[in-house]
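Asker: Submitted below is the structure of interest, expressed as structure tokens.
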Amino acid sequence: MMKNKVLSHSLQLITKRNTIIKFICTVVFAIGFLFYAQAQTKEELQKKEADLRKEINELSNNLVQIQKNKKASLAQVASVRRKIAAREELIKTINKRVRLLDETIYQNELEVYRMRKELDTLKQQYARSIAFAYKNRSSYQYLNFLFSSTSFNDAIKRKL
114 MMKNKVLSHS
124 LQLITKRNTI
134 IKFICTVVFA
144 IGFLFYAQAQ
154 TKEELQKKEA
164 DLRKEINELS
174 NNLVQIQKNK
184 KASLAQVASV
194 RRKIAAREEL
204 IKTINKRVRL
214 LDETIYQNEL
224 EVYRMRKELD
234 TLKQQYARSI
244 AFAYKNRSSY
254 QYLNFLFSST
264 SFNDAIKRKL
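Residue numbers for the sequence shown follow the numbering used here, so the first one is 114 and each next one is one higher.
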């Protein structure tokens with residue numbers, strides 16, 4: 114029995130020892146796994162940090178580019194506004210010229226009308242003087258001869 118007791122006790126010690134060894138192995142394995150996981154997480158965090166810094170730099174560059182484009186766009190808008198103002202001024206000037214030309218045309222039409230009226234009056238007077246000269250041929254024949262000349266020089270030649 115004693116042998117059984119010793120054997121039983123040895124078995125218990127071996128079981129305890131195996132349990133302790135299993136526990137120690139589990140703890141060592143867990144610690145190793147944690148260090149591995151932590152190392153992997155640290156590398157991932159460093160990579161993520163580097164990626165985020167790169168993205169921030171790209172966004173900063175994009176922002177600078179957008180601001181440059183905004184300044185260029187604002188300059189273009191200002192240029193377009195100046196161009197529009199210049200064209201509006203050109204249109205006003207052209208409209209003034211058109212009004213001036215319209216007024217000149219109107220004045221010329223009035224002058225043409227006045228001259229036609231004067232021409233009609235002169236034709237009537239000339240017709241009356243011809244009729245009068247025809248009726249009074251003898252005294253006006255010489256005047257009629259002078260008036261029928263084509264130019265002033267011709268009239269002077271006829272007078273002499």
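C-beta: ideal position from N, C-alpha, C; glycine also.
1) Examine the ligand SAH and report whether any of its heavy atoms sits within less than 7 Å of the Cβ of Arg-195.
2) From the DSSP output, in three-state form, read off Thr-217 for me.
3) Any idea what DSSP makes of Thr-263, helix, strand or coil?
4) Which value, in whole angstroms, describes the spacing of the CA atoms of Val-140 and Ile-133?
5) How is Asn-249 classed by DSSP in three states: helix, strand or coil?
Answerer: Looking at the coordinates:
1) Here there are no bound small molecules, and the ligand SAH is not part of this structure.
2) Along the sequence shown, read from residue 1 onward, the residue named residue 217 stands at position 104. Thr-217 falls in the helix class under three-state DSSP.
3) In the sequence shown, residue 263 corresponds to position 150, counting from 1. Here Thr-263 sits in coil by DSSP.
4) The residue labelled residue 140 in the question sits at position 27 within the sequence shown. The residue labelled residue 133 in the question sits at position 20 within the sequence shown. Straight-line Cα distance between these residues: approximately 10 Å.
5) On the sequence shown, residue 249 is found 136 positions in, with the first residue counted as 1. Looking at Asn-249 - three-state DSSP - the assignment turns out to be coil, as it is neither helix nor strand.
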